[in-house]
Amino acid sequence: MDTEGTQDAQSTRSAHIPRPATPPGAPPRPSAPPAPPAAAPGAAEPPLLGWLRTPRPAAAPGIWTYGHRPRPAKEPERTPLRQLISGALISFLCGWLLWSLLWNGYLGSYWMWPLVLLTPDSWRDGTDPMAYVWASYLYYGLFLALLVVVFGRLGRWPELARRFLAPFVRRLRPRAPAPKRQPAADPAQWPELRAHGAADAADKLAEEARAGRMTDVDVARIGHAWRAVRSGGTPLASFTDTVLRQGAAACAHPSGRRDLARRSAEHDLLAGQVRIGTAADHERNPYQHRSVGCALEPGVLGTSLLAVGPAGSGKSTRLVRPVVEAMCLQALAGQSAVIAVGPAGSDLGPDDAFDVVVRIGRPDPECDLDLYGGTTDPDEAAGILAEALVGDLAGQLPGGDSRRAATVLGQLLGPFRAAYERFPTVAELRELLDGAPEAMRALRAALEERREQPLLRELDARARQLERSGDVGVLLADRIALLDRPAFADFFDPTGRTRQVSLRALDHPLRVRIELPERGHAEASRILARLVLAQFTECAVARSDRSLFACLVLDEAAHTITAEALRGLQRLRSAHAGAVLTLRSLDDVPEGLRSGLLGAVGCRMAFAGVTTWDGARFAEVWGKEWVETRDVTDRQIIAVSAAGKAFHIFRQLITGKAATAKAVTVRTVERERWSASDLANSVPAGHAVLSVTSVKGEHAPPVLVDLRG
C-alpha cells in the first residue's frame, strides 16, 4: 500500500523521507481470495488466535486489561476461616440436638400439630394407616429441611460450601468445548474489514493468522492502516490490493522489521499496553487494584511520567527499558515515534531495536545530532539553543530568564545563516560569541556583499554589547566551549557532511537512541539533555500530523528541568505526545521548580529508597483520603460481689491477665494516602508507588506495585 510518506523512517531528515521499496517480483492481485488450507486433525491453533480472542474489558487507567477480571470497588466482608468453620459446626450440633429431642419425644408432641390439622381423622384412627405414614414422612422431611435452612443460615453453610466445595466441583466438572465463533464475532476473522467491504482482505489475513505467519505487531500495524482507510487517508482499493499481495507483511515499517529480536517485558499491542508489574495485595491499595497487573500506555504517558528513586532501585531495568521497548514495537506498528536518551552504557535496548543510534563523543560516528533541531528559523534555533546552554542558570541572568541569551544568539545566527545559508558550527559559534575580530570581519564582509543592511545592524548591536561588562555572550561562549572539545569534533556539523538526526521528523515512526557522554563530560551531557528536551517539546507541538504518539524517554534527567521545560511538558498533553523522566532525587531539580514539576506531569512514581523529603513532596501532591479507623480500648472489670472477685482472681491465676472488657470506637478521619515516612521506610525493595492520569482526565490513586511480578 502506498503510505504517501506517512509511515516512512529510513532517513531522519524531515526534508527527505524515502518511501519503502516495493518487494521485487510481487505477484498480481488475485481475482478471488485463496481458499484457506484445511487444518490438520488435532493440530493446535497458533497462540496468536488465542491472544486475539482474549477479552480486554474496560478498566481504570493503569490496569493491565488483557484477560482482566474486574473486581468490585470495595472489599466484600469476608468471615475468617476459623470463625466460619466453628460457627458452622456449632450450628450443626445445635440443629442435630434439637432434632434428636423432637424425634425422641423429649419436647412433647406439640411440633406435630400442623400435621394433625392438615390430615383427616380417618388417617389416624386406623382406617387408612399408610396414607398417614406417608404424610408423616413428608412432614418430617419438610420440618427437617426447615431446620437445615434455619441453622444453615445461622452457621453460614452456603458461604462455607462456596469457599471449599465450589473449587473442587469445578475441577471435577468436564470442560465443555468452546463454542465456535462466527466470523462476524471472531476477532481472528477481522469482522470490521468484512463489515466495510474488504472481505477478501479479511480472508487473506485470517489465513495468515491460522498458518502462523502473523505476529501481534502485524495485527497492530494492519489495524492502524485500516483506521487510516476508515478516516479517509488511504483508499480502500489500495489497502486491499496491498494486503492480498503481501499478506501479514503488508504496510510494513520502512525498516522492513516486523518485530524485535527479543523482548524483556509483556506487551499487548492490541491495547497498546506494556505490563510493568503487579499491584500488591496491600491494605493501602484500593481493592479493585489488588493483585491485578499494572500497565502503561500512550493514553497515560501522554500526561508525562516522572519516576524518582535512588541508583539501583530499578528505574532503568523495570520502567525505562519496558517503556522504550513498547514504544519501539508501536513504532514498528506505525503508531508512535520514540526518542530514548540516556548515558552511554545505560540499558535502553539493543542496537537492532532502533533505526538510528547516536553515540555522542564516540569516534567515527554513524549518525550526528542536529544542534539546531532541524529548523531554518534563526529566532527559533536561538531560543532552543539558549534553553540548552543557560536554561539551568535562568535565575542568574539579566531579566530572570533565558530570553536575553536567546536575543544574543539570534543576533549571530540570523546574520550567519543569511551570509552562508547555514547555521554555524560549534567552533564558529564560539568565535562569534567571543567576538573574535577575524570571524566578525568575515561575517560582516559576507553580509555587505549580499547587501543585508538589517542584519548588519544586528551585528553592530552585538559588537556594541561585547564592550559592556556583564554581557551574556561571555557566559554563552563559556557554555558552548564545553561542546567545542576534541571528543565532539565530528559532531554537531551543520555543513551536511554527516547524517544528522532531526526531531522535526517526529511525524514519522522513528526509533532513535541517543547516548550522552556522561563520563568525562558531565556538564556537556546535561547541556545536550536539555537540548533534546527543548527540541522535543518544540517539535512535538509544532507537528502538523499528530496521528503518531511521540514519546521522549530521558533516563537520568538531572539538571535538565527548567521553567521553560515545565511549560513545554504541559503543552505535550494536547499534542499527542509525552515524556518519561527519571531522577535519583528531587534535589537535582531547582527548589522552586520541584512542586511545579510534580504538578506538570500526570503520572508519578516513587521507587523504594526515596528520602523522606522527597517522599514529603509526593505525599503532598497525592493528597489525603477519608478512611475508617477503629480504636480498641481495654477497660478493667471491677467485681462487686465476693463470688465475682473470687472468679476474677481464679481467672487471673490461670490466664495471667486481669479481667477486661474491650470498647471499640469507629471513626472516619482524613489520612494521607502515602505519608513521607511510609514512602521512605515501608516500600519494599523491587516495589514502587505509582499514580497515573489519562489524557481524558481519568486518574487512579497511588498504588503499591511489585515490579518483579
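Numbering follows the UniProt record's numbering, in which position 97 of the sequence shown is assigned residue number 97; successive positions increment by one, without gaps.
Yeah, the Cβ is synthetic: ideal placement off N, Cα and C, and Gly gets one too.
- [ ] Tell me whether E449 sits in a helix, a strand or coil according to DSSP, three-state version.
- [x] helix
TODO: Would you list the one or two residues that DSSP bridges to I514?
DONE: V341 and V358
Task: Alpha-carbon spacing of A261 relative to A252, whole angstroms - done: 16 Å
Open item on the list: In the DSSP output, what is W626 paired with across the bridge?
Closed with: W626 pairs with E670.
Open item on the list: Rounded to the nearest angstrom, what separates Y132 and R156 at their Cα positions?
Closed with: Straight across, the Cα-Cα distance linking Y132 with R156 is about 35 Å.
Open item on the list: Please report the straight-line C-alpha distance between E538 and G568, rounded to a whole angstrom.
Closed with: 7 Å
Open item on the list: At the level of alpha carbons, what is the spacing between R69 and A166?
Closed with: 19 Å
Task: Bounding residues of the beta strand (DSSP E) (the contiguous stretch that carries M605) - done: C603 to F607
- [ ] Have a look at G435 and D490 and give me their C-alpha separation to the nearest angstrom.
- [x] 24 Å
TODO: Identify the continuous beta strand (DSSP E) that holds R571 and give its terminal residues.
DONE: Boundaries around R571 are those of the alpha helix (DSSP H), A563 to L572, since no beta strand (DSSP E) includes it.
Open item on the list: Assuming the contact rule is C-beta atoms closer than 8 Å, A201 and L270 should be a hit. Round their C-beta distance to whole Å, please.
Closed with: No, A201 and L270 are not in contact; Cβ-Cβ is about 18 Å, not under 8 Å.
Open item on the list: Please report the straight-line C-alpha distance between P486 and D555, rounded to a whole angstrom.
Closed with: 26 Å
- [ ] Within its chain, find whatever has a CB closer than 8 Å to the CB of S694; leave out the 5 residues flanking it on each side and keep chain order.
- [x] P61, G299, V300, G302, T303 and G602
Task: residue 786 - DSSP class collapsed to helix/strand/coil - done: Nothing about residue 786 can be read from this structure; the chain reaches only from 1 to 709.
Open item on the list: Alpha carbons only, please: which of A642, P415 and F536 is nearest the one belonging to A340?
Closed with: Taking each of A642, P415 and F536 in turn and checking the Cα distance to A340, the smallest one comes out for F536.
Open item on the list: Three Cβ pairs or more, each shorter than 8 Å: is that satisfied between the region 615 to 628 and the region 665 to 672?
Closed with: yes
Open item on the list: Does A659 come out as helix, strand or coil in the three-state DSSP assignment?
Closed with: coil
Open item on the list: I'd like the list of long-range same chain contacts for L205, defined as Cβ closer than 8 Å, with 5 residues on each side in sequence excluded.
Closed with: So the qualifying residues of the chain are W190, L193, M214, I222, V243, G247 and A248.
Task: For Q330, three-class secondary structure by DSSP - done: helix
Task: Neighbourhood of L586 by C-beta distance below 7 Å, restricted to the same chain and skipping five residues each side - done: V308, R594, D614 and R617
Open item on the list: Cutting at 6 Å between CB atoms, please list the residues of its own chain near D507, excluding the five before and the five after it.
Closed with: R543 and D545
Task: Buried or exposed by the 16-neighbour rule on C-beta atoms within 10 Å, applied to D370 - done: buried
Open item on the list: Once the 5 residues before and after L255 are set aside, which same chain residues still bring their CB inside 6 Å of it?
Closed with: In the sequence on display, residue 255 carries Ser and not Leu. Within the same chain, S255 has close Cβ partners D355.
Open item on the list: Bridge partners for Q273 per DSSP, in chain order?
Closed with: D268
- [ ] Could you tell me which uninterrupted alpha helix (DSSP H) segments, each at least 4 residues in length, are contained entirely in the region 144 to 204, listed from first to last along the chain?
- [x] 157 to 172 and 191 to 195
Task: Buried/exposed call for A40, threshold 16 Cβ in 10 Å - done: Because A40 carries a pLDDT of 48, less than 50, the predicted location of this residue cannot be relied on, and the following value inherits that uncertainty. Exposed, because fewer than 16 other Cβ atoms sit within 10 Å of the Cβ of A40.
TODO: Give the secondary structure of C294 by DSSP, where H, G and I count as helix, E and B as strand, and everything else as coil.
DONE: strand
Open item on the list: With distance defined between alpha-carbon atoms, name the residue in R422, G334, P343 and E620 nearest to I360.
Closed with: P343
- [ ] Confirm, please, whether the CB-CB distance from A463 to A446 is below 8 Å.
- [x] no
Task: Short Cβ contact (8 Å threshold) for A557 with L581 - done: yes
- [ ] Might you give, ordered along the chain, the residues of its own chain that have their beta carbon closer than 7 Å to the beta carbon of K74, omitting 5 neighbours on each side?
- [x] Y287
Open item on the list: I'd like to know whether the C-beta atoms of L548 and S336 end up nearer to each other than 8 Å.
Closed with: yes
Task: Coarse secondary structure for Q335, derived from DSSP in three states - done: coil
TODO: Classify S585 as helix, strand or coil using the three-state DSSP reduction.
DONE: coil
Task: Burial state of E428 (16 or more Cβ within 10 Å) - done: buried
TODO: Please name the residue or residues paired with R262 in a DSSP beta bridge.
DONE: According to DSSP, R262 bridges with nothing at all.
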